[in-house]
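Chains as they are written, first to last, in my numbering: chain A, 24 to 201; chain B, 210 to 342.
Notes follow once the structure below has been shown.
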């Protein structure tokens with residue numbers, strides 16, 4: 024007899040739990056298969072010196088934040104101010120990958136707004152981005168001293184993301200042996 | 210009336226055949242592999258579409274990758290492995306069985322068992338009540 028009252032309540036609670044969980048899920052953030060694996064190889068021309076080839080050896084023994092961006096990407100413009108602040112903190116090596124972009128507009132953008140990156144690589148066809156599993160800009164990878172991908176952030180880096188996730192991780196990675 | 214019907218028909222046909230004009234294959238087998246691969250891989254930008262349906266620029270790039278790899282004699286498994294290595298299992302519409310997908314594979318079975326159990330319980334109770342009358 025009692026089960027007639029308990030059962031609907033049980034169903035209600037389980038559906039409520041599933042829906043409540045759904046509120047904090049981000050199905051559009053696809054987990055990267057590269058976490059704790061070696062960063063995929065890249066060989067791209069540098070934005071400011073097109074004769075120079077940017078390779079993984081460029082971030083060897085340095086904790087590096089690899090930021091995939093483009094001038095046509097709206098969220099990248101929002102993120103840029105945050106990247107400038109990160110650069111001024113001087114706690115991490117910043118590397119940019121300019122994704123499917125016009126190099127001239129990229130150079131102008133960095134001249135006008137300021138350049139947070141130590142090095143910017145050009146990925147005009149988006150091939151390197153596919154190798155890195157990028158599916159939208161901006162995306163950010165944190166690479167440790169051994170060259171392993173330790174974290175991927177999808178979407179712009181906000182002050183919260185920096186303070187709560189990226190900065191603490193970078194601090195620990197800086198203390199690891201290379 | 211017939212003319213109107215014909216016009217309507219003509220409106221439908223180009224839509225369904227227009228999409229793969231860009232990719233030329235030497236054999237029909239390659240063409241059908243291209244179709245099957247692009248329809249079983251997910252577009253990561255607009256997640257409820259497959260690579261064949263999506264117009265997103267990334268979907269276009271990945272279609273081009275698949276096309277090139279088919280031309281370079283890669284087999285289906287190699288192409289799927291290439292995609293999974295970069296984008297993870299998420300790119301597959303047919304997810305592999307592992308710890309993370311246990312619920313996905315066996316959840317429906319659990320519901321079925323639960324439902325059947327309740328049904329049996331309910332029927333039994335009813336037949337008991339009827340036999341009392």
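Glycine included, C-beta positions come from ideal geometry on N, C-alpha and C.
Would you kindly work out how many angstroms separate the C-alpha atoms of residue 225/B and residue 181/A, rounded to a whole number? Summary for residue 225/B: the model assigns pLDDT 49, below 50, so the residue's position carries little reliability; its value from the coordinates is reported in the next sentence. The alpha-carbon atoms of residue 225/B and residue 181/A are separated by roughly 43 Å.
Any residues in the segment 46 to 58 of chain A with a beta carbon nearer than 9 Å to a beta carbon of chain B? Which ones, in chain order? 50, 51, 53, 54, 55, 56, 57
Please report whether the beta-carbon of residue 232/B lies at a distance below 8 Å from any beta-carbon of chain A. no
Are there 16 or more other CB atoms within 10 angstroms of the CB of residue 227/B, so buried, or fewer, so exposed? Legend: pLDDT at residue 227/B = 48, less than 50; position of this residue unreliable, value from coordinates given subsequently. By the neighbour-count rule (16 or more Cβ atoms within 10 Å), residue 227/B is not buried but exposed.
Closer than 8 Å by beta-carbon distance: list the chain A residues that pair up with residue 322/B, in chain order. Here the premise fails: no neighbours, minimum Cβ distance about 15 Å.
Neighbourhood of residue 162/A by C-beta distance below 6 Å, restricted to the same chain and skipping five residues each side: 91, 177
By the 8 Å beta-carbon criterion, what residues does the segment 267 to 280 of chain B contribute toward chain A? 267, 270, 271, 274
Is there contact between the segment 48 to 68 of chain A and the segment 91 to 106 of chain A, where contact requires at least three CB pairs shorter than 8 Å? no
Label residue 39/A either buried or exposed according to how many other C-beta atoms from any shown protein chain fall within 10 Å of its C-beta, with 16 as the threshold for buried. exposed
Those residues which DSSP pairs with residue 121/A across a bridge: 92/A, 145/A
Out of 36/A, 201/A, 140/A, 122/A, point me to the one whose CA is closest to residue 266/B's CA. 122/A
Taking Cβ to Cβ, would you say residue 165/A is nearer than 8 Å to residue 192/A? yes
Shorter than 8 Å from the beta carbon of residue 174/A to some beta carbon of chain B? no
Could you spell out where the beta strand (DSSP E) holding residue 162/A opens and where it closes? 162 to 166
Same chain only: Cβ atoms within 7 Å of residue 202/A, ignoring 5 sequence neighbours per side: No answer is possible for residue 202/A: it lies beyond the span of chain A, which begins at 24 and ends at 201.
Skipping 5 residues on each side, what residues in its chain have a beta carbon closer than 7 Å to that of residue 242/B? 279, 285
Consider the C-beta atom of residue 298/B and the heavy atoms of the ligand PLP; say whether any pair is separated by less than 7 Å. The ligand PLP is not part of this structure, which contains no ligands at all.
Would a check of beta-carbon distances place residue 170/A closer than 8 Å to chain B? no
Counting Cβ pairs, one atom from each stretch, are 3 or more of them under 8 Å apart for the segment 46 to 64 of chain A and the segment 131 to 145 of chain A? no
For the beta strand (DSSP E) that residue 78/A lies in, which residues bound it at each end? 76 to 78
Where residue 131/A falls: helix, strand or coil (DSSP): helix
Apart from the five residues on each side of it in sequence, which residues of its chain come closer than 7 Å, Cβ to Cβ, to residue 93/A? 99, 121, 122, 123, 124, 160
Within a Cβ cutoff of 6 Å, which residues of the same chain sit near residue 139/A, ignoring the five residues on either side of it in sequence? 106, 107, 110, 117
Pick from 287/B, 261/B, 315/B that is closest to residue 231/B, judged by C-alpha positions: 261/B
Just grab the DSSP bridge partners of residue 138/A for me. Answer by DSSP bridge pairing: none, since residue 138/A is not bridged.
So, for residue 259/B: in the same chain, excluding its five sequence neighbours on each side, which residues have a beta-carbon less than 8 Å away from its beta-carbon? 247, 248, 249, 250, 251, 252, 302
Should residue 195/A go down as buried or exposed, given a rule of 16 or more other Cβ atoms within 10 Å for buried? exposed
Cβ atoms of residue 317/B and residue 310/B: under 8 Å apart, would you say? no
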